[in-house]
Amino acid sequence: MKTIPYMLIVLRFILAPVILSLSYFIGEKSRLLILVLMCFGLITDIFDGIIARKTGVSSEKLRRLDSQTDMIFWLSLGFAVYFLNPDLIKNEWIGVIIILGMEALCYIESWLKFGKETCTHAFLSKMWGISLLIAFTYLIGSQEAGWALYLAVVLGFIAHIDVILIILILPKWQYDVPSSYHAWKIRKGKHTKKTVLFN
0 MKTIPYMLIV LRFILAPVIL SLSYFIGEKS RLLILVLMCF GLITDIFDGI IARKTGVSSE
60 KLRRLDSQTD MIFWLSLGFA VYFLNPDLIK NEWIGVIIIL GMEALCYIES WLKFGKETCT
120 HAFLSKMWGI SLLIAFTYLI GSQEAGWALY LAVVLGFIAH IDVILIILIL PKWQYDVPSS
180 YHAWKIRKGK HTKKTVLFN
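Take the sequence shown: its position 43, counted from the start at 1, is 42 in numbering that gives the first Met the number 0, and no numbers get skipped.
Below, the structure is given as structure tokens:
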């Protein structure tokens, strides 16, 4: 049981090149399969954290591995959307650049301050993940951007601002910080119980 969280993370990591290959080499006919793999990847993301806590193996190493695998998984879906709908993504390039720039800024800020990548698993970031699931479902399944993509961009911007504030406020690197408010309480020396949401 204690190895299951790692196996789920590795499985989600393997899904990334599979999704990329399907979208690039098979194209249109792979849309439904990619959506199924996306949902399956989300399920592994939910249960790796639950099982890790139940079995007592949740640790900094596991959470960092989970966080980086999440990034690779969602990036693979982003590229898949581009391979399947290049014109659609080109028309929405401003939103895409904003999100990629904010993500890069979070990593740069964390590395400069702590010498480690960001690993907050914040509440707003989880909400953003749900909006990404909806947006990618529309983009891949219906070949539409519309409100779903705009919602993901807005939530993504807000979530990344929260992560930037968390990094700025924290006195030292820490994983699983639910929000910038919790980071402020940590800075003030008020220990808070970690909030667990989704993974």
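Ideal Cβ positions, reconstructed from N, Cα and C, are used throughout, including at glycine. Predicted, not measured: the structure shown is a model, and the values here were computed from it.
Member of the options whose CA lies at the smallest distance from the CA of residue i
i, options, result
"Met-101", "Arg-186, Val-152, Lys-89, Tyr-5", "Val-152"
"Thr-2", "Phe-82, Ala-51, Leu-34, Asp-44", "Ala-51"
"Ala-121", "Lys-89, Gly-145, Leu-104, Ile-163", "Ile-163"
"Met-70", "Gly-94, Cys-118, Gly-48", "Cys-118"
"Leu-61", "Thr-136, Ile-33, Tyr-5", "Tyr-5"
"Ser-22", "Ser-57, Val-56, Cys-105, Leu-74", "Leu-74"
"Phe-12", "Asp-44, Ile-185, Arg-30", "Asp-44"
"Thr-136", "Met-0, Asp-47, Leu-32, Leu-10", "Leu-32"
"Ser-20", "Met-0, Ser-58, Phe-82, Ser-66", "Phe-82"
"Ala-134", "Ala-79, Ile-160, Arg-186, Ala-15", "Ala-79"
"Glu-27", "Pro-85, Ser-57, Ser-58", "Pro-85"
"Ile-42", "Ser-57, Leu-10, Gln-67", "Leu-10"
"Gln-67", "Ala-103, Ile-96, Cys-38, Ile-160", "Ala-103"
"Trp-146", "Ser-58, Gly-94, Lys-89, Ser-178", "Gly-94"
"Met-149", "Ile-96, Arg-186, Ser-179", "According to the sequence displayed, residue 149 carries Tyr and not Met. Minimum Cα distance to Tyr-149 is reached at Ile-96."
"Cys-38", "Ala-15, Val-56, Arg-186", "Ala-15"
"Glu-242", "Glu-116, Tyr-106, Phe-46", "Because the chain here runs from 0 to 198, residue 242 falls outside it and cannot be looked at."
"Tyr-106", "Lys-184, Ile-49, His-159, Ile-185", "His-159"
Beta-carbon proximity check, residue i vs residue j, cutoff 7 angstroms
i, j, result
"Ile-8", "Leu-64", "yes"
"Ile-18", "Leu-36", "yes"
"Phe-72", "Gly-40", "yes"
"Ala-144", "Glu-108", "no"
"Ala-182", "Ile-157", "no"
"Thr-54", "Met-126", "no"
"Asp-202", "Leu-99", "Since the first residue of the chain shown is 0 and the last is 198, residue 202 is not available in this structure."
Anticipated Cβ contact below 8 angstroms, residue i with residue j, distance rounded
i, j, result
"Leu-154", "Ser-130", "5 angstroms"
Within-7 angstroms CB hit, residue i to chain C
i, result
"Leu-14", "The displayed structure is made up of one protein chain only, and chain C is not part of it."
Validate contact between the segment 170-178 and the segment 130-147 using beta carbons, cut 8 angstroms, 3 pairs: no
Where are the alpha helix (DSSP H) runs, 4 residues long or more, that stay fully inside the segment 163-190, in chain order? 179-186
4 or more residues per run - each alpha helix (DSSP H) lying fully within the segment 35-96: 59-83, 85-90
Within the segment 111-152, note down every full alpha helix (DSSP H) run reaching 4 residues or more, in order along the chain. 122-136
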